[in-house]
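**Student:**
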Ligand SMILES: [Zn+2]
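Residue numbers (the numbering used here): 23 to 441.
What follows is the structure in structure tokens.
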């Protein structure tokens, strides 16, 4: 069992075949959720799973579950999966890798004639990207209890077509309820979408946490006045105050290393006239940290810094939080299963924190969950040039296989059998 491996070439070939659905001239993919291309990709996945002996079920959000039975089918399944939809100028690996790595786990178990104790399922979560229908991760969100199903099915694209209508149109409006059934464990393999593993020459990232995010709208109020006759000493220049606040935001990120991020991405100056001192400035703030207490502290620092700068400069300021996504700490047993598998298989690995959201974030609300990252070239994603090495993809898949066996147990194997 220790030496059990996956077929990296077959995994690569499946990735390249799936990439034909919605292939773009620059070598990427445009497979928007519930489009004809998405239907073709789903149909292909379903056919592959059926050929591998799986039974297919589809829930009301169009999430697909391909089930390989275990010895004891009264046990809750060990699940893995990700998404097949892409960004408009997406790549071949984001999401797709996690789905097809799951299929490769099933195919490898078949190759070796291994029966697991608990059943195994490979999941395809609908509309992870949020590119066609906002918000992102909406179907795993319904499964995880973050969204109501009626809200999700009513989400419309820019032409006014709803997810519910489009699921019907492409034949993926299932009748199984979305959510409400237990998983023994859930794993998601994914490309890192960041530069850390590549820079440190690591093959596998053991994802322990997902960053929490706080978004703020900040408005600084001064006084519009003429750029010539108004002496420097009496000005109430909202932009000068805002500039100091932008510096302060940056300092908050720098002051909470190693894991904090702080960003001002939008700045609007009013009245935006060359010879008028700006009377009002709006800017956005994005604060991230994997530890909620740090994120709370950064929130406090932000409010204190803005208030102190405004006070000093004779300006008004309002800081309003508009969105909070709490940090996620993945299940320690599932994380250990990933870390142990990476170590046993002899890969260079490190613990890592996800800076991006994934379906696993919502599933982690209702099932013990962890993620496996593999490197991607230059950390580039949401780009047609996204690329990854076949050997790294195979390594992540082998880790996935062993982590799933750890949780599912192998029939007749006293070391892993949970029965
Ligand atoms: Zn993804």
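By construction, the Cβ of each residue, glycine as well, lies at the ideal position given by its N, Cα and C atoms.
Strictly by DSSP, which residues pair up with residue 393?
**Tutor:** 210 and 229
**Student:** Any heavy atom of ligand 1 within a distance shorter than 7 Å of the CB on residue 150?
**Tutor:** yes
**Student:** By DSSP, does residue 399 sit in helix, in strand, or in coil?
**Tutor:** helix
**Student:** In three-state DSSP terms, what is residue 432?
**Tutor:** strand
**Student:** Please identify the residue among 289, 314, 44 and 99 whose C-alpha is closest to the C-alpha of residue 306.
**Tutor:** 289
**Student:** Indicate the three-state DSSP secondary structure (helix, strand or coil) for residue 424 in the structure shown.
**Tutor:** Correct three-state label for residue 424: helix.
**Student:** Since residue 243 is in the beta strand (DSSP E), which residue starts that stretch and which ends it?
**Tutor:** Per DSSP, residue 243 belongs to the beta strand (DSSP E) from 234 to 243.
**Student:** To the nearest angstrom, how far is it from the Cα of residue 67 to the Cα of residue 327?
**Tutor:** 52 Å
**Student:** Between the stretch 408 to 427 and the stretch 237 to 244, can you find at least three pairs of beta-carbon atoms closer than 8 Å?
**Tutor:** no
**Student:** Return the CA-CA distance between residue 414 and residue 397, expressed in angstroms with no decimal places.
**Tutor:** 7 Å
**Student:** What residue range does the alpha helix (DSSP H) around residue 319 cover?
**Tutor:** 314 to 335
**Student:** Near ligand 1, which residues have their beta-carbon less than 5 Å from any of its heavy atoms, given in chain order?
**Tutor:** 116 and 117
**Student:** Rounding to the nearest angstrom, what Cα-Cα distance links residue 403 and residue 113 in this structure?
**Tutor:** 7 Å
**Student:** Which partner residues does residue 351 have in the DSSP bridge list?
**Tutor:** 231
**Student:** Ignoring anything shorter than 3 residues, give me the beta strand (DSSP E) runs that lie fully in the stretch 236 to 305, in order along the chain.
**Tutor:** 283 to 285 and 289 to 292, all fully within the stretch 236 to 305.
**Student:** Evaluate contact between the stretch 256 to 265 and the stretch 295 to 305, counting only Cβ atoms and requiring at least three cross-stretch pairs below 8 Å.
**Tutor:** yes
**Student:** Who are the Cβ neighbours of residue 229 in its own chain at under 6 Å, not counting the five residues just before and after it?
**Tutor:** 374, 376, 393 and 395
**Student:** Rounded to whole angstroms, what is the Cα-Cα separation between residue 127 and residue 119?
**Tutor:** 12 Å
**Student:** If we require 4 or more residues per run, which alpha helix (DSSP H) segments fall completely within the stretch 122 to 198?
**Tutor:** 160 to 165, 171 to 175 and 185 to 192
**Student:** Just how far apart, CA to CA, sit residue 109 and residue 253?
**Tutor:** When rounded, the distance between both Cα atoms is 51 Å.
**Student:** Relative to the alpha-carbon of residue 34, which residue among 433, 428, 172 and 409 has its alpha-carbon at the smallest distance?
**Tutor:** Selected option, being the one with the closest Cα: 409.
**Student:** Which class does residue 51 belong to by DSSP, given the choice of helix, strand or coil?
**Tutor:** strand
**Student:** Pull up the CB-CB distance for residue 352 and residue 428, whole angstroms please, since I reckon it's below 8 Å.
**Tutor:** Actually they are not in contact, since the Cβ atoms of residue 352 and residue 428 sit about 15 Å apart, beyond 8 Å.
**Student:** Pick helix, strand or coil for residue 384, following the three-state DSSP scheme.
**Tutor:** helix
**Student:** Label residue 40 either buried or exposed according to how many other C-beta atoms from any shown protein chain fall within 10 Å of its C-beta, with 16 as the threshold for buried.
**Tutor:** By the neighbour-count definition (other C-beta atoms within 10 Å, threshold 16), residue 40 is a buried residue.
**Student:** Return yes when the Cβ of residue 74 is within less than 8 Å of the Cβ of residue 430, no when it is not.
**Tutor:** no
**Student:** State whether the stretch 358 to 372 contacts the stretch 331 to 347, with contact taken as three or more CB pairs (one from each stretch) at a distance under 8 Å.
**Tutor:** no
**Student:** Residue 387: which of 107, 135, 163 and 145 sits nearest, CA to CA?
**Tutor:** 163
**Student:** What's the C-alpha gap between residue 312 and residue 234?
**Tutor:** About 5 Å.
**Student:** What would DSSP say about residue 67, mapped onto helix, strand or coil?
**Tutor:** In this structure, residue 67 counts as helix in the three-state DSSP scheme.
**Student:** Does the Cβ-Cβ distance between residue 8 and residue 201 come in under 8 Å?
**Tutor:** There is simply no residue 8 to check, as the chain begins at 23 and stops at 441 in what is shown.
**Student:** Excluding sequence positions up to five away, which residues of its chain have a Cβ less than 7 Å from the Cβ of residue 434?
**Tutor:** none
**Student:** Assuming residue 79 and residue 196 make a contact with CB atoms under 8 Å, what is their CB distance in whole Å?
**Tutor:** 7 Å
**Student:** Where do the N-terminal and C-terminal ends of the alpha helix (DSSP H) with residue 221 fall, by residue?
**Tutor:** 218 to 221
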